[in-house]
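Visitor: Chains as they are written, first to last, in our numbering: chain A, 1 to 182; chain B, 183 to 633. Glycine is no exception: its CB is placed at the ideal position from the N, C-alpha and C atoms. Once you've had a glance at the structure underneath, I'll fire off some questions.
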Amino acid sequence: MSNPLNLSENTLSKIDEVVPKYPEKRSAALMVIHLVQDELGAVNDFACEWIANRLDLQPINIKELVTFYPMLREKPWGRKHVRVCRTLPCALRGSYATCKSFEKKLGVKEGHVREDGEYSLEFMECLADCGQGPVVIVDEKTYENVDGDRAEKFADLLLDGKLDESDEFQSYEDALLKKTEE
Amino acid sequence: MNAHLQERRIILKHADDPSYSNLIGCYLREGGYETLKKAFAMKPEEVGEEVLKSGVRGRGGAGFPAGMKWKFLDRKSGKPIYLICNADESEPGTFKDRQIMYKDPHQLIEGMMIAAYAIGAKQAFIYIRAEFHEGARILNRAIQEAKDNGYCGDNILGSSYSCDLVVHRGAGAYICGEETGLIESLEGKRPNPRIKPPYFPAVLGLYQCPTIVNNVETLCNVRHIIEMGGEEFAKIGKPNNTGTRIWCVSGQVMKPGYYEFECGALTLGEMIFGVCGGLRPGRSLKAVIPGGSSSKILRADERFSGKLKDGTEFDWGLEDIPLDFDGPASVGSMSGSGGIIVMDDTVDIVEAMANINAFYAHESCGQCTPCREGSLWMRKITQRMCSGGAREEDADLLLSVANQIEGRTICAFGEAAAWPTQSFVTKFRDDFIKKASETVEEKNSRKLQLI
Numbered sequence: 001m002s003n004p005l006n007l008s009e010n011t012l013s014k015i016d017e018v019v020p021k022y023p024e025k026r027s028a029a030l031m032v033i034h035l036v037q038d039e040l041g042a043v044n045d046f047a048c049e050w051i052a053n054r055l056d057l058q059p060i061n062i063k064e065l066v067t068f069y070p071m072l073r074e075k076p077w078g079r080k081h082v083r084v085c086r087t088l089p090c091a092l093r094g095s096y097a098t099c100k101s102f103e104k105k106l107g108v109k110e111g112h113v114r115e116d117g118e119y120s121l122e123f124m125e126c127l128a129d130c131g132q133g134p135v136v137i138v139d140e141k142t143y144e145n146v147d148g149d150r151a152e153k154f155a156d157l158l159l160d161g162k163l164d165e166s167d168e169f170q171s172y173e174d175a176l177l178k179k180t181e182e
Numbered sequence: 183m184n185a186h187l188q189e190r191r192i193i194l195k196h197a198d199d200p201s202y203s204n205l206i207g208c209y210l211r212e213g214g215y216e217t218l219k220k221a222f223a224m225k226p227e228e229v230g231e232e233v234l235k236s237g238v239r240g241r242g243g244a245g246f247p248a249g250m251k252w253k254f255l256d257r258k259s260g261k262p263i264y265l266i267c268n269a270d271e272s273e274p275g276t277f278k279d280r281q282i283m284y285k286d287p288h289q290l291i292e293g294m295m296i297a298a299y300a301i302g303a304k305q306a307f308i309y310i311r312a313e314f315h316e317g318a319r320i321l322n323r324a325i326q327e328a329k330d331n332g333y334c335g336d337n338i339l340g341s342s343y344s345c346d347l348v349v350h351r352g353a354g355a356y357i358c359g360e361e362t363g364l365i366e367s368l369e370g371k372r373p374n375p376r377i378k379p380p381y382f383p384a385v386l387g388l389y390q391c392p393t394i395v396n397n398v399e400t401l402c403n404v405r406h407i408i409e410m411g412g413e414e415f416a417k418i419g420k421p422n423n424t425g426t427r428i429w430c431v432s433g434q435v436m437k438p439g440y441y442e443f444e445c446g447a448l449t450l451g452e453m454i455f456g457v458c459g460g461l462r463p464g465r466s467l468k469a470v471i472p473g474g475s476s477s478k479i480l481r482a483d484e485r486f487s488g489k490l491k492d493g494t495e496f497d498w499g500l501e502d503i504p505l506d507f508d509g510p511a512s513v514g515s516m517s518g519s520g521g522i523i524v525m526d527d528t529v530d531i532v533e534a535m536a537n538i539n540a541f542y543a544h545e546s547c548g549q550c551t552p553c554r555e556g557s558l559w560m561r562k563i564t565q566r567m568c569s570g571g572a573r574e575e576d577a578d579l580l581l582s583v584a585n586q587i588e589g590r591t592i593c594a595f596g597e598a599a600a601w602p603t604q605s606f607v608t609k610f611r612d613d614f615i616k617k618a619s620e621t622v623e624e625k626n627s628r629k630l631q632l633i
């Protein structure tokens, strides 16, 4: 199959791997969309057409998924994407203040991408870690108890590229990884 | 902590053990996959019988007996049977399945393979929410480990039974937690829930084949039921409320978190004021949502009286409600997915309502008019009320919209969206009326913003 989206060999082979896992090709749609979006940042009409072709579907069968699911995108987020949980349990612990702190520090309104494309901010619905809210996800890592005050410090570290080395903000994922390595 | 407030960890036994990781070595060290061997020495229908005897009820929200669900399987059709684990965990206030999948994934895989063997599944899926990026990776690695050791995939434990297990990621839609919506999503379609009947996917599910959909915690329980036997399992907890439950406490308590207790081992008051260390200094309790955001709210000063199923009369305050399936249900709410959301006196109840309404308006799939339009109206009305435009008649307007959603939709999302509004407005009517006369100073004096 030709490769007009210029997808990497890695993505193409992952797609070839995932499709036959399902009894029916169409079932692989979400997983293929995820793989394409992970590489391209978004799934535009052209990408929908390519995915549809790969799965023997019509482009609308893919487009209707991209426009329905909150995490699928027609336009990319910023290079670093920050998600803050908006739903009640996190809000009760101050997530509205968290979101405001990020808007101020990162210089971008929630739901938008900063003009230079570096950062984007999303105030989204429940991230299923309500006990340790406010919950923040940066790209794929989850940070807990980031209230309004801590958010400022958090944003500074993020802007300086020092979040990963920070002892104060260890992600839920890194804490687990540490356990696996020990 | 009082002796009777001690957790009884069965599902989360190893989750927070510092020397325990999510790799297969730790799981095997603790006797992992021994139960799978025990199950494979039994006939599949005997495994199902044990689950039925255990009385275990689904941990996803509806509390339907899992063994019964399996009984509904259409085995005569000759079509392949599928098993799906619902790991979409998206009811606000719930974060228990995350702990299992991230910290002890093999327990879920063992439970699933036992369940798959019992129902004769051709293939099994884990439908996991997309926000759990690392969770999907952990599960995929664990499945590979299980396959390498013969616990999953081809010829499990050297038998003639094979069952592949595939991790399927959602993409951020709450409605995929509804089992027929989930199935549509897994088929690669928009997750519009299906019209009932058929009432159970056990008859017509994935690809119109018989399908069992169970929650993560339920499937982990299957492993423990087979390990100890259905009758032994049924001794944990109370009749009709067997086993342990993982309660997720969030909101304004000193020690929020996940706590596993035998069903009925403690009351809501003991959970909030004992286990969770009570409220912040100087605060008093305003309300509790006992089973995830869609369950009906309970007022701190409410009295509940009536008759339990077994005929005994009760007269409870909020703190006396036993934490099991039947306790919250007998006071007109539900234990749902076990997500207890606590609110103290700093909360403006109309703002809390607006927050919840914004969630349901965002998550309606849009298939049924009453839900699509109604959830949006409720969001708009409460949002207006919180931006200085409240009117006294809004309370009745909200109720009228909510009442026109309930019972008029294809799936239970309609109820999930209507119940919060119905209960908030009925129980806190004064707060909704008072909102109309709130001054700007009063509004600005509130520190906590909820909408």
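For the candidate residues B:Ala447, B:Thr426 and B:Glu588, whose alpha-carbon lies nearest to that of isoleucine 193 of chain B?
Guide: The residue given as residue 193 of chain B occupies position 11 in the second sequence. For isoleucine 193 of chain B, the nearest C-alpha among the options comes from B:Thr426.
Visitor: If contacts are defined as beta-carbon pairs under 8 Å, then leucine 218 of chain B and leucine 347 of chain B qualify, I think. What distance do you get, rounded to the angstrom?
Guide: Sequence index remark: in the second sequence, residue 218 of chain B carries index 36 (1-based). Sequence index remark: in the second sequence, residue 347 of chain B carries index 165 (1-based). Not quite, the Cβ-Cβ distance comes to about 13 Å (not below 8 Å), so this is no contact.
Visitor: Just list the alpha helix (DSSP H) runs in the stretch 188 to 228 of chain B, keeping only unbroken ones of 4 residues or longer that don't cross its boundaries, in chain order.
Guide: Runs of the alpha helix (DSSP H) inside the stretch 188 to 228 of chain B: 206 to 211 and 216 to 222.
Visitor: Give the DSSP bridge partners of valine 421 of chain B, in chain order.
Guide: In the second sequence, residue 421 of chain B corresponds to position 239, counting from 1. The sequence shown places proline at residue 421 of chain B, not valine. In the DSSP output, where bridge partners are listed per residue, proline 421 of chain B has none listed.
Visitor: For a quick check, are the C-beta atoms of asparagine 422 of chain B and glycine 240 of chain B less than 8 Å apart?
Guide: Within the second sequence, the letter at position 240 stands for residue 422 of chain B. Within the second sequence, the letter at position 58 stands for residue 240 of chain B. Result no, Cβ atoms of asparagine 422 of chain B and glycine 240 of chain B do not sit closer than 8 Å.
Visitor: On the CB-based measure, 16 or more other CB atoms within 10 Å of its CB, does asparagine 3 of chain A come out buried or exposed?
Guide: Translated into the one-based positions of the first sequence, residue 3 of chain A becomes position 3. That one is exposed.
Visitor: So lysine 80 of chain A is in the alpha helix (DSSP H); what residue range does that whole segment cover?
Guide: Counting from one through the first sequence, the residue named residue 80 of chain A turns up at place 80. No alpha helix (DSSP H) holds lysine 80 of chain A; the beta strand (DSSP E) holding it covers 80 to 85.
Visitor: Which residue wins for smallest C-alpha separation from alanine 303 of chain B, given the options B:Gly245, B:Pro472 and B:Ser344?
Guide: Sequence index remark: in the second sequence, residue 303 of chain B carries index 121 (1-based). Closest by alpha carbon: B:Ser344.
Visitor: Of all the residues that make up the stretch 205 to 218 of chain B, which are near chain A by a beta-carbon distance shorter than 8 Å?
Guide: Listed by position along the chain: Leu205.
Visitor: Report the three-state DSSP secondary structure of valine 135 of chain A (helix, strand or coil).
Guide: Along the first sequence, read from residue 1 onward, the residue named residue 135 of chain A stands at position 135. Three-state result, valine 135 of chain A: coil.
Visitor: Mapping DSSP to helix, strand and coil, what is aspartate 497 of chain B?
Guide: In the second sequence, counting from the first residue as 1, residue 497 of chain B sits at position 315. Note: aspartate 497 of chain B maps to strand in three-state DSSP.
Visitor: On the CB-based measure, 16 or more other CB atoms within 10 Å of its CB, does isoleucine 150 of chain B come out buried or exposed?
Guide: Because chain B spans 183 through 633 in this model, residue 150 of chain B falls outside it and cannot be assessed.
Visitor: To the nearest angstrom, how far is the alpha carbon of lysine 100 of chain A from that of glutamate 152 of chain A?
Guide: In the first sequence, the residue the question calls residue 100 of chain A occupies position 100. In the first sequence, the residue the question calls residue 152 of chain A occupies position 152. In a straight line, the C-alpha of lysine 100 of chain A is about 10 Å away from that of glutamate 152 of chain A.
Visitor: Would you give the residue range spanned by the alpha helix (DSSP H) that threonine 142 of chain A belongs to?
Guide: Indexing the first sequence from 1 puts residue 142 of chain A at position 142. Run containing threonine 142 of chain A: none in the alpha helix (DSSP H); it sits in the beta strand (DSSP E), 141 to 143.
Visitor: Have a look at B:Thr424, B:Ile266, B:Asp527 and B:Asp256 and flag the residue whose alpha-carbon is nearest the alpha-carbon of arginine 628 of chain B.
Guide: Taking the first residue of the second sequence as position 1, residue 628 of chain B is located at position 446. For arginine 628 of chain B, the nearest C-alpha among the options comes from B:Asp527.
Visitor: Would you kindly report the start and end of the unbroken beta strand (DSSP E) that includes valine 651 of chain B?
Guide: A query on residue 651 of chain B cannot be resolved here, the shown segment of chain B reaching from 183 to 633 and no further.
Visitor: Taking leucine 159 of chain A as the reference, give the member of A:Val138, A:Asp167 and A:Glu144 with the closest Cα.
Guide: Here residue 159 of chain A corresponds to residue number 159 of the first sequence, with the count starting at 1. Leucine 159 of chain A has its Cα closest to that of A:Val138, out of A:Val138, A:Asp167 and A:Glu144.
Visitor: Report buried or exposed for asparagine 6 of chain A, applying the criterion of at least 16 other Cβ atoms within 10 angstroms of its Cβ.
Guide: Residue 6 of chain A sits at position 6 when you count from the first residue of the first sequence. It is exposed - the Cβ of asparagine 6 of chain A has fewer than 16 other Cβ atoms within 10 Å.
Visitor: The alpha helix (DSSP H) spanning valine 66 of chain A covers which residue range?
Guide: Translated into the one-based positions of the first sequence, residue 66 of chain A becomes position 66. 59 to 66 is the extent of the alpha helix (DSSP H) around valine 66 of chain A.
Visitor: With distances taken from CA atoms, which of A:Phe102, A:Glu118 and A:Phe46 is nearest glycine 78 of chain A?
Guide: For the purposes of this step, residue 78 of chain A is taken as the residue at position 78 of the first sequence. Comparing Cα-Cα distances from glycine 78 of chain A to each of A:Phe102, A:Glu118 and A:Phe46, the minimum goes to A:Glu118.
Visitor: Sort A:Ala28, A:Lys75 and A:Tyr172 by Cα distance to valine 18 of chain A and report the nearest one.
Guide: The sequence position of residue 18 of chain A within the first sequence is 18, counting from 1. Of the candidates A:Ala28, A:Lys75 and A:Tyr172, the one whose C-alpha sits nearest the C-alpha of valine 18 of chain A is A:Ala28.
Visitor: So who's on the other strand from serine 619 of chain B, going by DSSP bridges?
Guide: For the purposes of this step, residue 619 of chain B is taken as residue 437 along the second sequence, with counting starting at 1. None; serine 619 of chain B has no bridge partner.
Visitor: From the DSSP output, in three-state form, read off tryptophan 186 of chain A for me.
Guide: The first residue shown for chain A is 1 and the last is 182, placing residue 186 of chain A beyond what the model contains.
Visitor: Take glutamate 110 of chain A and list the residues in its own chain whose beta-carbon comes closer than 7 Å to its own, dropping the five residues that flank it on each side.
Guide: What you label residue 110 of chain A is simply residue 110 of the first sequence in a count that begins at 1. The answer, listed in chain order, is Cys99, Glu103, Leu121, Glu122 and Phe123.
Visitor: If you measure from the beta carbon of arginine 628 of chain B to each beta carbon in chain A, is any gap under 8 Å?
Guide: Along the second sequence, one-based indexing puts residue 628 of chain B at 446. Residue contact with chain A for arginine 628 of chain B: absent (no Cβ-Cβ distance below 8 Å to any residue of chain A).
Visitor: Helix, strand or coil: which one does DSSP assign to glutamine 434 of chain B?
Guide: What you label residue 434 of chain B is simply residue 252 of the second sequence in a count that begins at 1. Coil.
Visitor: Here's a check: name, in chain order, each residue in its chain whose Cβ is nearer than 6 Å to the Cβ of asparagine 145 of chain A, leaving out the five neighbours to either side.
Guide: Walking along the first sequence from the start, residue 145 of chain A turns up at place 145. Contacts found: Gln132.
Visitor: Distance check for alanine 269 of chain B and histidine 544 of chain B, CA to CA, integer angstroms please.
Guide: Reading the second sequence from its first residue, position 362 is the one you call residue 544 of chain B. Reading the second sequence from its first residue, position 87 is the one you call residue 269 of chain B. Cα-Cα distance, rounded: 20 Å.
Visitor: Any C-beta of chain A within less than 7 Å: which residues of the stretch 434 to 447 of chain B qualify?
Guide: Gln434, Pro438, Gly439 and Tyr440
Visitor: I want to see whether chain B comes within less than 8 Å of arginine 114 of chain A, judged by CB atoms only; does it?
Guide: Walking along the first sequence from the start, residue 114 of chain A turns up at place 114. With 8 Å as the cut-off, arginine 114 of chain A does not count as an interface residue toward chain B.
Visitor: Measure the beta-carbon distance from proline 375 of chain B to glycine 363 of chain B and round it to whole angstroms, keeping in mind my assumption that it falls under 8 Å.
Guide: Your numbering for residue 375 of chain B matches position 193 in the second sequence. Your numbering for residue 363 of chain B matches position 181 in the second sequence. With a Cβ gap of about 4 Å, proline 375 of chain B and glycine 363 of chain B count as contacting.
Visitor: Below 9 Å between beta carbons is the criterion; list the residues of the stretch 544 to 557 of chain B that meet it against any residue of chain A, in chain order.
Guide: His544, Glu545, Cys547 and Gly548
Visitor: Mark glycine 520 of chain B as exposed unless 16 or more other C-beta atoms lie within 10 angstroms of its C-beta, in which case mark it buried.
Guide: Residue mapping note: residue 520 of chain B aligns to position 338 of the second sequence, counting from 1. The residue in question, glycine 520 of chain B, is buried, as its Cβ has 16 or more Cβ neighbours within 10 Å.
Visitor: Got a sec: which bits of the stretch 365 to 380 of chain B sit with their beta carbon under 8 Å from any beta carbon on chain A, in order along the chain?
Guide: Ser367, Leu368, Glu369, Gly370, Lys371, Arg372 and Pro373
Visitor: Leaving out the 5 sequence neighbours to the left and right, which residues in its chain are closer than 7 Å to cysteine 126 of chain A when beta-carbon positions are compared?
Guide: For the purposes of this step, residue 126 of chain A is taken as residue 126 along the first sequence, with counting starting at 1. Excluding positions up to five away in sequence, the list reads Cys85 and Thr87.
Visitor: Whose C-alpha, out of A:Glu24, A:Leu65 and A:Ala175, is nearest the C-alpha of lysine 285 of chain B?
Guide: To locate residue 285 of chain B, count along the second sequence from 1; it is residue 103. Nearest C-alpha to lysine 285 of chain B: A:Ala175.
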